[in-house]
Amino acid sequence: MEMRICPECNKVFYFLADKKSYSCSHCGFILLKQKREYKRIEKTAGCVFSYHGVKYKGIIKDYSFGGACVEYAGEFISEDILLDFESSMLGFHVPAKAVWSLSRPSKG
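Residue 237 is where the sequence shown ends in our numbering, and the numbering goes up by one at each step.
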């Protein structure tokens, strides 16, 4: 089973990973399973997200209808963790799922 946030209703739903398409159990929105479903828009914008009750500031490097690349300093975030994600610069406040995270060694 995999978890996804519906881009239509912003609710979490679960689906079988072996299917080529799946639909939101809340609103019925149908999605095709592809690596990159939507075109990425390269734009730098500030953002804030909550993880384990702690707010982190980040910088959005690029985004699409289905996701965003965010740089932040702080605790490593595990895959499949739900975050409260907001960017006033881009005008959204949505739930988000961490898909992958890259840890870089600190300079010093």
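Positions of the beta carbon are idealized from the N, C-alpha and C atoms, including for glycine.
Secondary structure at A227: coil, using DSSP grouped into helix, strand and coil. Contact between F178 and Y185 holds: their C-beta atoms lie close to 6 Å from each other, under 8 Å.
DSSP, reduced to helix, strand and coil, places F158 outside both helices and strands of the structure shown, so it counts as coil. Take C138, set aside five residues on each side of it, and the residues of its chain with a beta-carbon closer than 6 Å to its own are H155, C156, in chain order. With a contact defined as Cβ atoms closer than 8 Å, L212 and A227 qualify at about 6 Å.
Between E200 and I210, the CB-CB gap reaches or exceeds 8 Å.
In the three-state reduction of the DSSP assignment, G187 falls in the strand class. Comparing alpha carbon positions, the residue from I206, K168, V223 closest to V183 is I206.
Contact between Y151 and L160 is confirmed by a C-beta separation of about 6 Å, below the 8 Å threshold. In the three-state scheme derived from DSSP, where H, G and I count as helix and E and B as strand, F221 is classed as strand.
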